[in-house]
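Structure first, then comments.
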Amino acid sequence: MNCTKGYVLPGLPHLLLQPEANPGWKKVRAAMERVRAEIETLQPDVLLMYSTYWPSVIGHQVQANPAPEWVLVDEEFHALGSIPYKLKIDADLAAALVAEAKARNLAARAINYHGFPIDTGSVVVSKIINPKNAIPMVIISSNVYADRAETLVLGKAAVDALAKSGKKAVAIAITSLSNRLHGTKIEPKDDKIHSLKDQEWNLKFLEFLQAGRLEDVSQLSRQFHREARVNKVANFKPFWWLAAVLGQTNKYSGEVLEYQPIYGSGAAVVGLSPTTRAARDLEFDENDPDVYAGERNVLGDR
Amino acid sequence: MSKGKIVAGVLAPHPPHLVYAENPPQNEPKAECGWENLRWAYERLRKSLAQVEFDVLIVHSPHWRTNVGTHILGVPQFKSLSVDPVFPNLFRFHYDLKVDVALAEEICREATDLGLEMQMMRNPDFRIDYGTVISAHMTRPQWDKPIVGISSNGAARYFNMDVLQAMMVKLGQATRTAVEKSGRRAVLLASNSLSHRHFTTEPPLVEDQSFEHINNHNQYLWDMKMIELMKQGKSRDMIDVLSDFTEQTNGETEGGSLTWLMAALDFPERPAEVHGYGTVIGTGNVVAEWREVEP
């Protein structure tokens, strides 16, 4: 397998611009610094990132500008300040990923435009775990209409591209767990998970992840979407993608490095390392498509 | 200072395809043609607005999405490049615009007084969302009027459409009061499509109109129902069915722009001037104008 490790990382700008304002935010930032150090030790050729903060409509978009540069201001948390960035993208692997996605019948395209708005999650994570651009990255969008089959196939396309390139990667899903922000301004010291229900579902997911049960978490994504996500998109996809990239098993050693609220949402830092011993298996009852077959006409012929 | 006035309110959708097909010098990509129904609808709108004097465009945009209340642009000038994150192949627009900060602050104050969570956006590096830029450009390509830019709140997703609409009615009332106090003559733009289920692929030549049609007939029927209500002057009925419309058509009305507009216009009973309807990558779009009656 070309992915030597997987991570789940949050992407809100507080972690970069104001971590000291809240003890919990500071802990999450410290955990991400730990991730940075771990990645330095792993010495991957590329960071493969799937960002739920980058929505797409026309299929799946892959950032292919070798050196995107801009000053980002978050549309919600603009008062925290500006984030100048310059990233290093593995444009060759991005192009290969697009080609492999198309080979699996997905709509996909490489994005290479000056001034393209790289999403807050990708920028925040990059600046913290790859501050000197020592490792090139590939950033993949999250299609708002995509569901499980499409997202699994997208992950498998990334595996194909990595295998052909011979590159070793660390896979990163940039996402919150529960995503409900406070609807009114709060003082940083007053931050907490928005609701007890969100908290319970976050803890359930973290329990599974700590046990290395990535495939179980993947298969619970629909339920999590209904219970703990504000439904901005069709479904909760990052664990489908991460599971597909990492092999769709429970054979991981999981470590929850940190979990704290950020403006009401659940911010978890989780590492998943392949092992030979599987965590307890649950029944995997969802299909495992290799090629995207499009939307089925469930209404029948008219 | 004389009392200000909303001189017109417009449902002014923002598909980037329209600017792309217009080929203004500010936009980097160039097109052969495309989406003439809607572009000509905007042309008719511009002719209509040429008949009235106004000082400012107030734009409520679904593509500046905030969840911690509603935000308003609070920097006098912005100059940058707006690149559509979804259609970067079509829209890379160099904008240079002025903001009526005094009016923006007045709206913020009035809305706060009505109990809404409000925030002024003071970061000069902020990039203006493409919804605001497109609606403003298609309405007034000269860019000779300042704008007020208002974010859309995500309450429809966080709670439901009823909660969002209750907020947007207050925001509309606050906007009207602020305009009246300011002495400005304002044109309001609700920057949203109606039905909003996209196709997820594009033809090789994006402006090839042989590929363009509504995503599904259900959306079309709902769009026509909404337009019928507009033409009959039944704005309250339109807002009453907006929750169902939004749910069943994936409507971009979930951003609250249309509800804000109707409330700001005090739920007009006069018919809207429907300048045109057209689809863009499967979504339904109408350019409709409600002109205030001069006393």
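First to last, the protein sequences are chains A and B.
Sequential numbering of the first sequence, starting at 33, is according to my numbering.
Sequential numbering of the second sequence, starting at 1368, is according to my numbering.
C-beta: ideal position from N, C-alpha, C; glycine also.
Are there 16 or more other CB atoms within 10 angstroms of the CB of residue i, so buried, or fewer, so exposed?
{"i": "C35/A", "result": "buried"}
{"i": "H1381/B", "result": "buried"}
{"i": "T1542/B", "result": "buried"}
{"i": "G1649/B", "result": "buried"}
{"i": "R334/A", "result": "Residue placement at R334/A is flagged as unreliable, the pLDDT there being 47, under the threshold of 50; the coordinate-derived value follows with that caveat. Looking at its Cβ environment, which holds fewer than 16 other Cβ atoms inside 10 Å, R334/A is exposed."}
{"i": "T152/A", "result": "buried"}
{"i": "N267/A", "result": "buried"}
{"i": "R1637/B", "result": "exposed"}
{"i": "T73/A", "result": "exposed"}
{"i": "M1368/B", "result": "exposed"}
{"i": "T1568/B", "result": "exposed"}
{"i": "P1491/B", "result": "exposed"}
{"i": "D1611/B", "result": "exposed"}
{"i": "T1620/B", "result": "buried"}
{"i": "D1590/B", "result": "buried"}
{"i": "G1482/B", "result": "exposed"}
{"i": "K199/A", "result": "buried"}
{"i": "R61/A", "result": "buried"}
{"i": "E327/A", "result": "exposed"}
{"i": "E132/A", "result": "buried"}
{"i": "V155/A", "result": "buried"}
{"i": "Q75/A", "result": "exposed"}
Rounded C-beta distance between residue i and residue j? I'm assuming under 8 Å.
{"i": "K1465/B", "j": "Q1444/B", "result": "5 Å"}
{"i": "Q1509/B", "j": "H1461/B", "result": "Between H1461/B and Q1509/B the Cβ distance is about 15 Å, and since that is not below 8 Å, they are no contact."}
{"i": "S1624/B", "j": "A1523/B", "result": "Their Cβ separation, rounded to whole angstroms, is 11 Å, which puts S1624/B and A1523/B out of contact at 8 Å."}
{"i": "H1384/B", "j": "V1647/B", "result": "5 Å"}
{"i": "R45/A", "j": "F109/A", "result": "The sequence shown places Pro at residue 45/A, rather than the Arg named in the question. At roughly 5 Å, the Cβ-Cβ gap stays under 8 Å, so P45/A and F109/A are in contact."}
{"i": "R261/A", "j": "N211/A", "result": "5 Å"}
{"i": "P321/A", "j": "V185/A", "result": "6 Å"}
{"i": "K188/A", "j": "R136/A", "result": "7 Å"}
{"i": "L1412/B", "j": "V1377/B", "result": "6 Å"}
{"i": "R1489/B", "j": "G1539/B", "result": "Wrong, their Cβ atoms sit about 24 Å apart, outside the cutoff."}
{"i": "A1471/B", "j": "K1537/B", "result": "Contact doesn't hold; Cβ gap of about 17 Å is too wide."}
{"i": "L304/A", "j": "V202/A", "result": "Contact doesn't hold; Cβ gap of about 10 Å is too wide."}
Determine, using beta carbons only, whether residue i comes closer than 9 Å to chain E.
{"i": "M1528/B", "result": "Absent from the structure is chain E; the protein chains it does hold are A and B."}
To the nearest angstrom, how far is it from the Cα of residue i to the Cα of residue j?
{"i": "C1400/B", "j": "P1391/B", "result": "12 Å"}
{"i": "S1502/B", "j": "A1408/B", "result": "13 Å"}
{"i": "P51/A", "j": "S83/A", "result": "21 Å"}
{"i": "A96/A", "j": "I172/A", "result": "10 Å"}
{"i": "H257/A", "j": "R180/A", "result": "12 Å"}
{"i": "H214/A", "j": "P220/A", "result": "11 Å"}
{"i": "T1613/B", "j": "A140/A", "result": "28 Å"}
{"i": "Y324/A", "j": "T207/A", "result": "24 Å"}
{"i": "G38/A", "j": "P306/A", "result": "9 Å"}
{"i": "Y85/A", "j": "F1458/B", "result": "20 Å"}
{"i": "S227/A", "j": "G1371/B", "result": "44 Å"}
{"i": "A1379/B", "j": "G1516/B", "result": "14 Å"}
{"i": "N1527/B", "j": "N1520/B", "result": "12 Å"}
{"i": "N1617/B", "j": "S1562/B", "result": "6 Å"}
{"i": "P1570/B", "j": "I161/A", "result": "38 Å"}
{"i": "S1549/B", "j": "E1473/B", "result": "8 Å"}
{"i": "F1418/B", "j": "R1494/B", "result": "This sequence places Gln at residue 1418/B; Phe is not what is there. If you take the alpha carbons of Q1418/B and R1494/B, they lie about 32 Å apart."}
{"i": "A1639/B", "j": "L1555/B", "result": "14 Å"}
{"i": "Y117/A", "j": "F148/A", "result": "12 Å"}
{"i": "K217/A", "j": "G1651/B", "result": "35 Å"}
{"i": "G91/A", "j": "L138/A", "result": "7 Å"}
Below 7 Å on C-beta distance, what does residue i contact in chain A?
{"i": "N1434/B", "result": "E108, L213 and G215"}
{"i": "F1493/B", "result": "V105 and H110"}
Which residues of chain B have a Cβ atom closer than 8 Å to the Cβ of residue i, listed in chain order?
{"i": "F148/A", "result": "V1450, P1452 and P1455"}
{"i": "S114/A", "result": "N1490 and D1492"}
Show which residues of chain A have a CB atom less than 9 Å away from the CB atom of residue i.
{"i": "H1565/B", "result": "V89, I90, V176 and Y177"}
{"i": "E1389/B", "result": "Within 9 Å Cβ-Cβ: nothing; E1389/B doesn't reach chain A, min ~19 Å."}
{"i": "W1431/B", "result": "E107"}
{"i": "R1459/B", "result": "Y145, H146, G147 and F148"}
Is residue i near the ligand MG, with its Cβ less than 8 Å from a heavy atom?
{"i": "A299/A", "result": "The ligand MG is not among the ligands present in this structure, which contains no ligands whatsoever."}
Give the interface partners of residue i over in chain B, defined as CB-CB distance under 7 Å, in chain order.
{"i": "A139/A", "result": "T1567 and T1568"}
Can you name the residues of chain B whose CB is closer than 9 Å to the CB of residue i?
{"i": "K264/A", "result": "R1432, G1521 and R1524"}
Quick one: list the residues of chain A neighbouring residue i, beta-carbon separation under 8 Å, in chain order.
{"i": "E1484/B", "result": "G215, T216 and K217"}
Would you list, in sequence order, the uninterrupted beta strand (DSSP E) runs of no fewer than 3 residues that lie entirely inside the segment 275-302 of chain A? 284-294
Please specify which runs of the beta strand (DSSP E), each continuous and at least 3 residues long, are wholly inside the segment 1404-1455 of chain B, giving them in chain order. 1423-1433, 1437-1440 and 1444-1450
Continuous alpha helix (DSSP H) assignments of at least 4 residues falling wholly in the segment 34-100 of chain A: 46-49 and 55-74
Hey, which unbroken runs of the alpha helix (DSSP H) at 4 residues or more fall wholly within the segment 1551-1624 of chain B? 1584-1599, 1602-1607 and 1609-1616
Output the residue ranges of the alpha helix (DSSP H) runs that lie fully inside the segment 170-201 of chain A and measure 4 residues or longer, sorted by chain position. 180-197
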